[in-house]
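K.L.:
Submitted below is the structure of interest, expressed as structure tokens.
Chains as they are written, first to last, in the working numbering: chain A, 1 to 293; chain B, 1001 to 1292.
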């Protein structure tokens, strides 16, 4: 009676088909059409949308900006997260008590539980050129002409990145701190007796311990970075001059503002392919590292 | 606030063997405290300005202390947004998705983790891929489908979508956890005459309860904070969630910043309370999610 197990898969089978499989397939099909959406007629366009995409400067710009998003969401928070986790667990935690460490952890984690709409509003207000807190503060300390953080094409991307680092930091930190709780404290003590300093302990004990978690964080955060949307919509709307345009916002604009549904679907399909590709590379890399270890 | 609180706590807790505290140690603590202050400063600024009057804000700016305590901004926000309706929508959506998603995960992880049906690996790979799929690649057909099924502008469109999406992730996670349930227990139950349905409810469910409660908390908060799909599917005020209601106000320049701060504070309060109550569960959950 092996077969009766299949009944349990029926609900997710139906749900998955209706919510993921069919919509995604429909999206891929739409990417071969020109369509204004709604009751407008569909026009077969073959690979036209894809070849347009290849020559679309905005699209390439949005992908270049994705690299910046990866720096802000993956590289900086993961690196800082390991250092912070190690500092909190095996330095401050030992000298000031575990409660101090967990209080600091909770504070760093706070942005993670915030609705993105709230985070976006607060930051666009804090960075406002005229009445924002940052510029009010800068003026009060004598900077006569503080920058327009979100309005200047050369600065906006970095301002968005700053907000994303703030938003993201708590996630790797919490995961790494949990991982470090696996380490037997005597291991550090033994290392200290052998004369290993903090950095030596960090390299020999802390880093190898959190390696599986580093992989999880890098994978999930990279996928998140390639999909980042709401902060861009709320903070800059892709501007100024497209300097903060990202693929998902570009797709959104094509869907709901420019009524170019087919082209939006093409962007979304390419995004999915890129994300799967990056994830496959990361998963393959992890498997190789694990086999070696 | 943060720094002083941190200092208070540190003096209150005495370790068994307090280490030597060199000046350098204090410098590290001060830096960690400063970072905590920086990380929480957007929250502090929001609280500071939510209790100001509009006039106070415009004449003294965002970083001055309020001259008087005022709840005007809150009452203004409540007059602009039907907050009780948005709150109810958010609570309804998040609760149904949290429990529905976990129930779905439990059902579908069972044949994979315990039953080990053929093709389990393929099913899991499909579910994993779907958790990575950008919502952009689903949104227009979902938008169309919601209109076709008359669930557009109702909470049900969002509930159905997120029960499945969270359920896909939950299945992926639970399947591996279920694989760790000792075989002996399952076999003993089967010998005693328990059917598959009974084994799921009487044996597997109780063993997995801690993990399931973590998932409920996670699904609740994630769904509460969702932005992209709700902003598209819930265009009407009567179906909007708390974050979406806030974001629709943002573009309107006639609105006082203090009102938006009050609205932001109201919008994050429910998840903050939820977070404080379930902090321990969450910590456990992050670990459960990380260790496969």
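We put the CB at the ideal spot given by N, CA and C, even for glycine. Note that the structure is a prediction, hence the values are computed from the model and not measured.
With the cut-off set at 8 Å, would you say residue 1262 of chain B and residue 1050 of chain B are in Cβ contact?
P.N.:
Here the question's residue 1262 of chain B lines up with position 262 in the second chain. Here the question's residue 1050 of chain B lines up with position 50 in the second chain. For residue 1262 of chain B and residue 1050 of chain B, yes; Cβs fall inside 8 Å.
K.L.:
Going by other Cβ atoms of all chains shown within 10 Å of its Cβ, with 16 needed for buried, is residue 1164 of chain B buried or exposed?
P.N.:
Here residue 1164 of chain B refers to the residue found at position 164 of the second chain. Its Cβ being crowded by 16 or more others within 10 Å, residue 1164 of chain B is buried.
K.L.:
Kindly indicate which residue of B/1037, B/1107, B/1209 has the alpha-carbon position closest to the one of residue 6 of chain A.
P.N.:
The residue labelled residue 6 of chain A in the question sits at position 6 within the first chain. For the residues B/1037, B/1107, B/1209, the minimum Cα distance to residue 6 of chain A belongs to B/1107.
K.L.:
Which residues does DSSP pair with residue 43 of chain A in a beta bridge?
P.N.:
In the first chain, counting from the first residue as 1, residue 43 of chain A sits at position 43. Paired residues: A/34.
K.L.:
Any idea what DSSP makes of residue 125 of chain A, helix, strand or coil?
P.N.:
For the purposes of this step, residue 125 of chain A is identified with residue 125 of the first chain, where counting begins at 1. Helix.
K.L.:
Would a check of beta-carbon distances place residue 1279 of chain B closer than 8 Å to chain A?
P.N.:
Counting from one through the second chain, the residue named residue 1279 of chain B turns up at place 279. Yes, its Cβ sits closer than 8 Å to a Cβ of chain A.
K.L.:
Taking only beta-carbon positions, decide if residue 1257 of chain B is within less than 8 Å of chain A.
P.N.:
Taking the second chain and counting its residues from 1, one reaches residue 1257 of chain B at position 257. Chain A contact via Cβ: present.
K.L.:
Please list the residues of the stretch 1046-1070 of chain B that have a C-beta atom closer than 7 Å to any C-beta atom in chain A, keeping them in chain order.
P.N.:
Flagged, chain order: 1046, 1061, 1062, 1063.
K.L.:
Could you have a look at residue 1081 of chain B and say whether DSSP puts it in helix, strand or coil?
P.N.:
To locate residue 1081 of chain B, count along the second chain from 1; it is residue 81. Correct three-state label for residue 1081 of chain B: coil.
K.L.:
Beta carbons nearer than 7 Å to chain A: which residues of the stretch 1101-1112 of chain B have them?
P.N.:
Answer in chain order: 1104, 1107, 1108, 1110, 1111.
K.L.:
With a cut-off of 8 Å, does the C-beta of residue 116 of chain A fall near any C-beta of chain B?
P.N.:
As a first step, residue 116 of chain A must be located in the first chain, where it is residue number 116. Judged by the 8 Å Cβ criterion, residue 116 of chain A is in contact with chain B.
K.L.:
Residue 1001 of chain B CB to nearest chain A CB: under 8 Å?
P.N.:
Stepping through the second chain from its first residue, residue 1001 of chain B is reached at position 1. With a pLDDT of only 28 at residue 1001 of chain B, under the threshold of 50, the placement of this residue in the model should not be trusted; the figure read from the coordinates follows. Answer no: the Cβ-Cβ gap between residue 1001 of chain B and chain A never drops below 8 Å.
K.L.:
Can you list the residues of chain B that residue 142 of chain A reaches, using a CB-CB cut of under 8 Å?
P.N.:
Numbered from its first residue, the first chain carries residue 142 of chain A at position 142. Within chain B, no residue comes near residue 142 of chain A; the closest Cβ sits about 15 Å away, beyond 8 Å.
K.L.:
Give me the chain B residues within the contact set of residue 123 of chain A, using Cβ-Cβ distance strictly less than 8 Å, ordered along the chain.
P.N.:
By one-based count along the first chain, residue 123 of chain A stands at place 123. Those are 1042, listed as they occur along chain B.
K.L.:
Checking 8 Å against the spacing of the C-beta atoms, do residue 261 of chain A and residue 255 of chain A come in under that value?
P.N.:
By one-based count along the first chain, residue 261 of chain A stands at place 261. By one-based count along the first chain, residue 255 of chain A stands at place 255. Yes, the Cβ-Cβ distance between residue 261 of chain A and residue 255 of chain A is below 8 Å.
K.L.:
If we cut at 8 Å on Cβ distances, does residue 75 of chain A have a partner in chain B?
P.N.:
By one-based count along the first chain, residue 75 of chain A stands at place 75. By this cut-off, residue 75 of chain A is not an interface position.
K.L.:
Taking Cβ-Cβ distances shorter than 7 Å, what residues in chain B pair up with residue 126 of chain A?
P.N.:
Residue numbering aside, residue 126 of chain A sits at position 126 when the first chain is read from its first letter. Those within 7 Å of residue 126 of chain A in chain B are 1042, 1045.
K.L.:
For residue 1197 of chain B, does the three-state DSSP call read helix, strand or coil?
P.N.:
To locate residue 1197 of chain B, count along the second chain from 1; it is residue 197. Of the three classes helix, strand and coil, the one that applies to residue 1197 of chain B here is helix, per DSSP.
K.L.:
Comparing the C-beta of residue 1221 of chain B with each C-beta of chain A, is any distance below 8 Å?
P.N.:
Counted from its first residue, the second chain places residue 1221 of chain B at position 221. Chain A contact via Cβ: present.
K.L.:
Is it buried or exposed for residue 14 of chain A, if we count other Cβ within 10 angstroms and need 16 for buried?
P.N.:
In the first chain, counting from the first residue as 1, residue 14 of chain A sits at position 14. Residue 14 of chain A comes out exposed.
K.L.:
To the nearest angstrom, how far is it from the Cα of residue 1217 of chain B to the Cα of residue 1196 of chain B?
P.N.:
The residue given as residue 1217 of chain B occupies position 217 in the second chain. The residue given as residue 1196 of chain B occupies position 196 in the second chain. Answer to the nearest angstrom: the Cα atoms are 27 Å apart.
K.L.:
Can you tell me whether residue 176 of chain A is buried or exposed? The criterion is at least 16 other CB atoms within 10 Å of its CB, across all chains shown.
P.N.:
Taking the first residue of the first chain as 1, we reach residue 176 of chain A at position 176. That one is buried.
K.L.:
Please check if any C-beta of chain B sits within less than 8 Å of the C-beta of residue 264 of chain A.
P.N.:
Counted from its first residue, the first chain places residue 264 of chain A at position 264. So yes, residue 264 of chain A belongs to the interface.
K.L.:
Give the residues from the stretch 174-201 of chain A that approach chain B closer than 8 Å (Cβ to any Cβ), ordered along the chain.
P.N.:
The stretch 174-201 of chain A vs chain B, Cβ under 8 Å: 174, 175, 178, 179.
K.L.:
Using 10 angstroms around the beta-carbon of residue 1004 of chain B, count the other beta-carbons present and answer buried if the total reaches 16, otherwise exposed.
P.N.:
Residue numbering aside, residue 1004 of chain B sits at position 4 when the second chain is read from its first letter. A caution first: residue 1004 of chain B carries a pLDDT of 34, below 50, which makes its placement in the model unreliable, though a value can still be read off. Exposed.
K.L.:
Helix, strand or coil for residue 1292 of chain B, going by three-state DSSP, please let me know.
P.N.:
Sequence index remark: in the second chain, residue 1292 of chain B carries index 292 (1-based). Any reading at residue 1292 of chain B is ruled out, since the residue's pLDDT is 37, under 50, leaving its predicted position unreliable.
K.L.:
Round the Cβ separation of residue 1168 of chain B and residue 1131 of chain B to the nearest angstrom and send it over; I've been treating them as touching at under 8 Å.
P.N.:
In the second chain, the residue the question calls residue 1168 of chain B occupies position 168. In the second chain, the residue the question calls residue 1131 of chain B occupies position 131. The Cβ separation is near 6 Å, so the contact holds.
K.L.:
Output the boundary residues of the alpha helix (DSSP H) element that contains residue 94 of chain A.
P.N.:
Along the first chain, read from residue 1 onward, the residue named residue 94 of chain A stands at position 94. Element bounds for residue 94 of chain A: 93-96.
K.L.:
Go through its chain and collect everything with a Cβ distance to residue 1146 of chain B's Cβ below 6 Å, but skip five positions before and after it.
P.N.:
Counted from its first residue, the second chain places residue 1146 of chain B at position 146. Once the five neighbours on either side are set aside, the close Cβ partners of residue 1146 of chain B are 1152, 1157, 1233.
K.L.:
Considering only the beta carbon of each residue, do residue 86 of chain A and residue 233 of chain A sit closer than 8 Å?
P.N.:
Numbered from 1 along the first chain, position 86 holds the residue referred to as residue 86 of chain A. Numbered from 1 along the first chain, position 233 holds the residue referred to as residue 233 of chain A. In this structure, residue 233 of chain A does not lie closer than 8 Å to residue 86 of chain A by Cβ.
K.L.:
By the three-class DSSP mapping on this structure, what secondary structure does residue 1040 of chain B have?
P.N.:
What you label residue 1040 of chain B is simply residue 40 of the second chain in a count that begins at 1. Three-state DSSP puts residue 1040 of chain B in a helix.
K.L.:
Just list the alpha helix (DSSP H) runs in the stretch 167-230 of chain A, keeping only unbroken ones of 4 residues or longer that don't cross its boundaries, in chain order.
P.N.:
Complete alpha helix (DSSP H) runs here, min 4: 170-180, 185-193, 198-201, 207-227.
K.L.:
Using a Cβ cut-off of 8 Å (strictly closer), state whether residue 1139 of chain B contacts chain A.
P.N.:
Within the second chain, numbered from 1, the residue matching residue 1139 of chain B stands at position 139. Residue 1139 of chain B counts as touching chain A.
K.L.:
Would residue 123 of chain A pass as a contact of residue 1042 of chain B if the rule is Cβ separation under 8 Å?
P.N.:
Counted from its first residue, the first chain places residue 123 of chain A at position 123. Counted from its first residue, the second chain places residue 1042 of chain B at position 42. A contact, by the Cβ cut-off of 8 Å.
K.L.:
Can the beta-carbon of residue 1150 of chain B be found closer than 8 Å to that of residue 1228 of chain B?
P.N.:
On the second chain, residue 1150 of chain B is found 150 positions in, with the first residue counted as 1. On the second chain, residue 1228 of chain B is found 228 positions in, with the first residue counted as 1. Result no, Cβ atoms of residue 1150 of chain B and residue 1228 of chain B do not sit closer than 8 Å.
K.L.:
When the cut-off is 8 Å and only beta carbons count, does residue 1176 of chain B lie next to chain A?
P.N.:
Your numbering for residue 1176 of chain B matches position 176 in the second chain. False, the Cβ-Cβ gap to chain A never drops below 8 Å.
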